Amino acid sequence: MTQGNLRIILILLAVLVLGGVYMYVYKPNMDDKKSLDGEIETLDARYNELKAMEVHRDEYIAKTAEYNEKFQEAITVFPATLDQELSVMFMKGIEKDQGDLQFDISTVGLGREELFYTLGNSEAVDDSSYECYKAAFPIAYSGSYEGIKDLLDYVMAYKYRMNVTELSIIRDDNGYAGTINLSAYCVKGEDREADTCTTDVQNGVDNIFLGGADASVPSSSANVSSSANDVKITIVNANNDAGDGITVAAGGKTASSADNKEVAVDVKIEEKDGKKVATVSIGGDDLTVDIDDSQTSFRIYVASSKRVDADDTNGVKLNVSNSTDIAVDVKVDGDDSTSPRFTMGTKSGTVNVN
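If you count the sequence shown from 1, you need to add 38 to reach our numbering.
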C-alpha cells in the first residue's frame, strides 16, 4: 500500500469517526440540551408566576375559606337525603283541617330519586364530591281554595328547596280537587348529615283503635278552656293600647309579639331523661313546660278575636311536633270566621284541633 493510499484511508476513517461522533454523541446531546432548555424556560415561567402569586398567599387562603363557607351555606337549603320516611312525614304535615284551610291527600307517589348533577371536588371536605338528586311526587288532592294557596305558600317557604312543576284545579260540589306534581331535591356528600324523624309506633295492643294499657288515651279538646290549659295563646289587634297583639303563656312565663303579621308559634313535645317536656317557641323566645306523668293530653287554648279593620293583619300559625304517646288538644275560641287569625301549620304525632 502506497503512502498516498494510506493517507486517503486515514482521512476517510477520520471523517467516519467525526460523523459518528456528531450523529451519536453531539446531536443527541444538543437535542437533550434543547429539550432541557425548553423545560427550564417553562419552569422559569411557572416559577415567576408562582412567585408573583406568593405575594397574595394570605389573600388567596382567605378567599378560598370564604368561598368554601359560602358553598356550604348554599347547600344547606337542600337535605342530605330523600328518604321515604321523611317524605311520608312531609306529606302528612301538609294536610290541613282547620277552618277555611282544608287540604287532604288522597294518593301520593313516592318518586325514585335520580342523579342529575355532580358537583366538583372541594378541598374543604377532603376531596369529597357532591351528588345532586331529585325526585318527583305526584299528589292527588281535595280541599278548599285557601287550603291550596296555603300549601303553595308552605312549599315555597319550606326550609328545603322544592318546587311545584304542575298544578291542576277542578271545581266540584265539595270544593276543589286536582293533582300537584311536586319536585324535591337533595345534595349527598360524605360530610352531610341526614335528617331523622320518629316513626316508631307501639304495637302489641289489644285494640288497634283504642289500644291496651300502653296505648295513647283518646282525648278531646272539649276539656281545654281558658282556665284549664298548659299553653294559652291570646291574639288581639296588634294596634291596641293595652299590650302586644300576640301573647303566649306557658310554664309560668310569657312571651309576646307586637308584629302586625302572622307569627309562627312552634310547639315541640318530646321525652328528655325519661320525662315529657314541651318547648313553646315564638320570635326566638322559648318557654319550657314539664308535663306530668299522669297527663293524657297536652292542652293548648287559643283565645282569638275578630279583626278590627283592614290594617289588622296579625295572627298565629301553630306548628306542633309531638313525638310522645300523649295527644295534643288545641281549642280555638272567638276567632274571626271570615278572616281567621289562627291557622294550623305543620303537625306530627297525635294532634286534635277544635
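Just so it is clear, CB atoms sit at the ideal spot from N, CA and C, and this is done for glycine as well. Only a predicted model underlies this, so the values are computations on that prediction, with no experimental measurement involved.
Taken through DSSP and simplified to helix, strand or coil, Ser-265 comes out as coil.
Residue pairing by DSSP places Asp-142 opposite Ser-180 in a beta bridge. Per DSSP, Gln-110 is one residue of the alpha helix (DSSP H) stretching across 95-112. Three or more beta-carbon pairs separated by less than 8 Å link the stretch 170-180 to the stretch 208-228, which places the two stretches in contact. A Cβ-Cβ distance of about 16 Å is found for the pair Tyr-339 and Lys-291, leaving them out of contact under the 8 Å criterion. For Glu-152, DSSP records a beta bridge to Lys-172. Nearest Cα to Tyr-214 within the set Asp-142, Leu-190 and Leu-50: Asp-142.
In the three-state DSSP reduction, Thr-272 falls in the strand class (E or B). DSSP, reduced to helix, strand and coil, places Ala-296 outside both helices and strands of the structure shown, so it counts as coil.
In terms of CA proximity to Val-358, Ile-132 leads the group Ile-132, Asn-261 and Leu-48. In this structure, Met-382 and Gln-136 form a Cβ contact; the two beta carbons are roughly 4 Å apart against a cut-off of 8 Å. The secondary-structure analysis by DSSP pairs Glu-133 with nothing; it has no beta-bridge partner. For the pair Ala-288 and Ala-316, the CB atoms are nearer than the 9 Å cut-off. Excluding the 5 residues flanking it on each side, Ser-319 has same chain C-beta neighbours closer than 6 Å at Asp-304, in chain order.
When Cβ pairs closer than 8 Å are counted between the two stretches, the stretch 329-343 is seen to touch the stretch 367-378, the count reaching three or more.
Counting other Cβ atoms within 10 Å of its Cβ, Lys-134 reaches 16 or more and is therefore classed as buried. Rounded to the nearest angstrom, the gap between the Cα atoms of Gly-57 and Ala-83 is 37 Å. Looking from the CA of Leu-124, the closest CA among Ala-195, Leu-44 and Asp-233 belongs to Asp-233. Judged by their CB atoms, Phe-175 and Gly-216 are not nearer to each other than the 9 Å cut-off. Taking C-beta atoms under 8 Å as the contact rule, Gly-372 and Ser-343 qualify, at a distance of about 5 Å. DSSP places Asn-43 within a helical segment (H, G or I) once states are collapsed to three. The continuous beta strand (DSSP E) containing Leu-220 extends over residues 213-226.
In the three-state scheme derived from DSSP, where H, G and I count as helix and E and B as strand, Leu-205 is classed as strand.
Scanning the stretch 309-369 for uninterrupted beta strand (DSSP E) segments of 3 residues or longer gives 313-320, 323-329, 335-341 and 353-360, listed from N- to C-terminal end. Around the beta-carbon of Asn-275, 16 or more other beta-carbon atoms lie within 10 Å, marking it buried. Taking C-beta atoms under 8 Å as the contact rule, Ile-284 and Ser-294 qualify, at a distance of about 6 Å. Residue nearest to Asp-311 within the set Gln-333, Asp-328 and Val-126 is Asp-328 (criterion: CA-CA distance).
Non-local C-beta neighbours of Tyr-179 in its own chain, meaning closer than 7 Å and more than five positions away in sequence, comprise Phe-141, Asp-142, Ile-143, Ser-144, Ala-215, Gly-216 and Ile-218, ordered along the chain. Annotated as proximal: Tyr-198 and Val-115, with beta-carbon spacing under 9 Å.
Residue nearest to Gln-333 within the set Asp-350, Lys-313, Ser-263 and Lys-187 is Lys-313 (criterion: CA-CA distance). The DSSP-derived three-state label of Asp-82 is helix.
Under the three-state reduction of DSSP, Lys-197 is assigned to coil, being neither helix nor strand.
A residue is called buried when at least 16 other Cβ atoms come within 10 angstroms of its Cβ; Pro-66 does not meet this threshold and is exposed. Rounded to whole angstroms, the gap between the alpha carbons of Asn-390 and Asp-268 is 15 Å. Counted as a single uninterrupted DSSP element, the stretch harbouring Phe-116 is not any beta strand (DSSP E), since DSSP gives it neither H nor E. Here the C-alpha atom of Val-354 lies approximately 46 Å from the C-alpha atom of Ile-99.
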